[in-house]
Amino acid sequence: AAEVTTVTPGKLTMSTNAAFPPYEMTADDGSFEGIDVEIAQAIADKLDLELQIDDMDFDAALLAAQNGKSDMVMAGVTVTDERQTVMDFSDTYANGIQVVIVPEDSDITSIDDMTGKMIGVQRGTTGDLYCSDTVENGGFGEENVTPYDNGLTAVQALMNGQVDCVVIDNAPAQEFVKANPGLKILDTEYANEEYAIGVAKGNTQLLDAINGALAELKADGTVQSIIDKYITA
Ligand code: GLN
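Below is the structure:
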């Protein structure tokens, strides 16, 4: 592979929020695991770089890549028009759906029922941005939305009755519902999204290298097999 210039020579630094299973989570021994971690490792191997993972809040992970403090953000990041104005994205590697988690006995049975309810989200995520938007724009108004540091704390707030529902990506939603009896996911989907790797705007050298590695890893089935390992259809 061609030489790429990175923040720390010889390393590929990934900022993430390792509280977003099964994309990134922290194992009992403190190591990081998940779909993004394995794909990032495979990309680093192709580029002859050592993967370094920096764990932080989701909004900080985006900013780190945006400001060139990390080489890339990989955190189940949804490509949006707004984010594309401040950072560049690789080709997409996975799909996400925003879903709604409610207590099993909730009177919320559809997205319309969420009007006037207290909604928990992860700060700075697309779920946050959509729900906090005005009613005219398809949201529920900022006053009805409580942002939490990560998905886990949002789900804990739901368990404690501090919010009536949580809007979050489908894959972590399933993990959180599995781990917390008494919760369920509504059948209705809130939004369909695509995940990609974010880099500082204009860093085409790194972006091209990432896209090249990603294309090979998609073509030889590596990306799909990593996803299948963590997500059973
Ligand atoms: N896909 C969502 C977003 O990009 C949430 C990602 C996350 O919480 N790690 O905003």
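Under mature numbering (1 follows the signal peptide of the UniProt record, and there is no 0), the letters of the sequence shown match residues 35 to 267, in that order.
Every residue, glycine too, gets a C-beta built ideally from N, C-alpha and C.
Just so it is clear, the structure is predicted and the values come from calculations on it, not from any experiment.
Query	Result
V111 versus V197, I87, V233, residue with shortest Cα-Cα distance	V233
Residue range of the unbroken beta strand (DSSP E) whose run includes P206	Note, P206: premise wrong, no beta strand (DSSP E); alpha helix (DSSP H) at 204-213.
Any non-hydrogen atom of the ligand GLN within 7 Å of V111 CB	yes
Inter-residue spacing [alpha-carbon to alpha-carbon] between E223 and T160	14 Å
Within 8 Å, strictly: CB atoms of I202 and I135	yes
T60 Cβ short of 7 Å to the ligand GLN heavy atom set	no
Bounding residues of the alpha helix (DSSP H) (the contiguous stretch that carries S49)	Counting along the chain, S49 falls outside any alpha helix (DSSP H), though it belongs to the beta strand (DSSP E) covering 45-50.
DSSP-derived helix/strand/coil call for residue 282	This structure cannot speak to residue 282, because the chain is shown only from 35 to 267.
According to DSSP, residues forming a beta bridge with C199	I153
Y224 - DSSP class collapsed to helix/strand/coil	coil
Where the alpha helix (DSSP H) containing K80 begins and where it ends	69-80
Other residues of its chain near I145: CB distance less than 8 Å, five sequence neighbours each side excluded	V134, L220, T222, Y224
G110, DSSP secondary structure in three states	coil
N171: CB within 7 Å of a non-hydrogen atom of the ligand GLN	no
Residues that DSSP places opposite G216 in a beta bridge	DSSP lists no partner for G216.
Rounded C-alpha distance that separates Q86 from V41	11 Å
Reduced DSSP secondary structure (H/G/I, E/B, other) of A243	helix
D115: CB within 7 Å of a non-hydrogen atom of the ligand GLN	no
Residue range of the unbroken alpha helix (DSSP H) whose run includes A94	92-100
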